[in-house]
Amino acid sequence: MSFLFGRSKDKGPGEAVRRLREHLLKLDQPGARRTAQEEAGKQLRLIRNELAPVPGDENNDNIFAIAQEACALDLFPILAICLPKLDFEARKDSTTILNALLRYNVQNAQICVLYLAGRHQGGHRPDAILTLVNAYNDAETSSNSGQILKEAFKYEPLARIALYDPSFWNFFTYVQGGRFDTSSDAFTTFKELLTRHKVLVAEFLASHYDEFFTQYNALLTSDNYITKRQSIKLLGEILLDRANYNIMTAYVDSPDHLKLCMNLLRDKSKNVQYEAFHVFKVFVANPKKSKPVESLLIKNREQLLRFLPKFHEDRKDDEQFNDEKAFLLKQIEMLGQPPGFPQQI
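Note that my numbering numbers the sequence shown so that position 71 is 59, with each residue one more than the last.
Structure, rendered in structure tokens:
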């Protein structure tokens, strides 16, 4: 499919991409920024309108020309870098354009995804994805960048770029710092990256286990309530995903992780308590508990047997929750007892 990445001879939509690129490159020239912004905005509107779906129109020649020229002229990384230099409407149009190009399919392939992943003659272009990840440092453009990243992370090759780059670890700062809307959006993107592609994420967590959970556990003790609540809920989703079985067994083997979870059961927030319960039950239900984990549970058995019956008593109508709580109580009562206990009379 090398023809997909050649220069377009089209003088319409493809030409608009070329003109947009020229104006974007002038945004840093002294005295030229205002004019360049205006002209870039015009070309962005033109391209956005060309990409808008027309009911009943099966002719994709214009969209193909835009996608082909965007890849040939490296529009993605240039536009990602220039987002902070554009006005509000131009940033919105840029977001719409890049997302539409990511979704564009020809011959059963997203050609712009292939371009960004480096699966074409011309090399690897991860810089666009990484620029967008680092854009969470800029509150003004983080929402636009986040929207593009969420679309990009639907494709495994692009998610892989973000996961395995050192900039991934910046997410642990983004999700709990700065403005609420920025940190909240960063967490949504973070969650998308960690839950969309099961096999990819399981491989990543296995190869970065210690570093990941050292930083992740810090989120569970964050002073930011939203971060703490979202993090404990996401942890439960990660551990209970079948693809992460080996990760789950490693996590629940640690008494330090169990201590952290039991502390969250007593958090001042009932929402945090409830999400912590769904992680705690994995420790208790594990039939192959490590000796340190089992010893810690036995040490706290009496306290747990007094605590759990009163835990979220207001959820009387939640049958599944109450069944799970009853099961945990039974498991805790049996801790340390020989097989077959209690003996039949």
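No residue lacks a Cβ here, since even glycine has one placed at the ideal position from N, Cα and C.
So which of the options has the shortest CA-CA distance to residue i?
i    : options                : result
L252 : M322, I220, P243       : I220
Q56  : E191, C70, V5          : V5
I235 : L208, V270, D169, E263 : V270
N226 : N212, Y213, A190       : Here residue 226 is Ile; the residue named in the question, Asn, does not match the sequence. Out of N212, Y213, A190, A190 has the C-alpha closest to the C-alpha of I226.
Q218 : D244, A264, R230       : A264
L181 : K142, A194, D81        : K142
T84  : I214, E10, R33, I320   : R33
L222 : A238, T183, Q203, L193 : T183
G2   : D16, K256, I54, A150   : I54
C249 : Y233, G224, D229, N232 : G224
I149 : T23, K186, I117        : I117
N122 : N93, T170, P18         : T170
N232 : S82, L323, L63, A194   : A194
C70  : Y239, L292, L146, K14  : K14
Y162 : I286, D305, Y124       : Y124
L74  : F52, D16, D198         : D16
G324 : F309, F200, S278       : S278
T119 : P145, A127, P65        : P65
A68  : I51, D173, N87, F52    : N87
Y204 : D255, G166, H245       : H245
P145 : V187, S172, K179, E128 : V187
Q95  : F52, H300, E128, F178  : F52
G166 : H196, K298, T215, F192 : T215
N37  : L89, P243, R289        : L89
P243 : M322, K258, K287, R230 : K287
E128 : F168, Y92, D115        : F168
Since residue i and residue j are thought to touch, with beta carbons under 8 Å apart, how far apart are those beta carbons, to the nearest angstrom?
i    : j    : result
L8   : I35  : 7 Å
D241 : V281 : 6 Å
F164 : N212 : The question names Phe, but residue 164 is Gln in the sequence shown. Confirmed, about 5 Å.
D173 : S130 : 6 Å
F200 : F178 : Between F178 and F200 the Cβ distance is about 12 Å, and since that is not below 8 Å, they are no contact.
N132 : S210 : In fact, because the Cβ distance is near 26 Å, the residues do not count as touching under 8 Å.
H185 : A147 : 5 Å
| In chain order, which continuous runs of the alpha helix (DSSP H) of length 4 or greater are located wholly inside the segment 65 to 127? | Considered as a whole, the segment 65 to 127 harbours 76 to 91, 99 to 105, 115 to 122 as its complete alpha helix (DSSP H) runs of no fewer than 4 residues, in chain order.
| task | Evaluate the contact criterion for the segment 274 to 283 versus the segment 304 to 318: three or more CB pairs, one atom per stretch, below 8 Å. | result | Fewer than three beta-carbon pairs drawn from the segment 274 to 283 and the segment 304 to 318 are found closer than 8 Å, and the two stretches are therefore not classed as touching.
| said: For a minimum of 3 consecutive residues, which ranges assigned as the beta strand (DSSP E) are wholly contained in the segment 251 to 283? | reply: Taking only runs of at least 3 residues, no beta strand (DSSP E) segment lies wholly in the segment 251 to 283.
| message | Under 8 Å, with one C-beta from each stretch per pair, do the segment 99 to 107 and the segment 152 to 163 reach the 3-pair mark? | response | Not touching, per the Cβ criterion.
| field | the segment 94 to 103 touching the segment 123 to 138, judged by at least three CB pairs closer than 8 Å | value | Fewer than three pairs of CB atoms, one per stretch, sit closer than 8 Å, so the segment 94 to 103 makes no contact with the segment 123 to 138.
| Is the number of C-beta pairs between the segment 16 to 29 and the segment 70 to 87 that are closer than 8 Å three or more? | A contact exists between the segment 16 to 29 and the segment 70 to 87.
| query | Considering only residues of the segment 156 to 187, which uninterrupted alpha helix (DSSP H) runs meet the minimum length of 4 residues and lie entirely inside it, listed in chain order? | reply | Given a length threshold of 4 residues, each whole run of the alpha helix (DSSP H) inside the segment 156 to 187 is given here in chain order: 159 to 162, 168 to 183.
| Which ranges would you report for the alpha helix (DSSP H) in the segment 208 to 234 if only whole runs of at least 4 residues count? | Taking only runs of at least 4 residues, the alpha helix (DSSP H) segments lying wholly in the segment 208 to 234 are 213 to 228.
| message | Threshold first: 4 residues or longer. Then list the alpha helix (DSSP H) segments lying entirely within the segment 280 to 308, N to C. | response | Runs found: 289 to 295.
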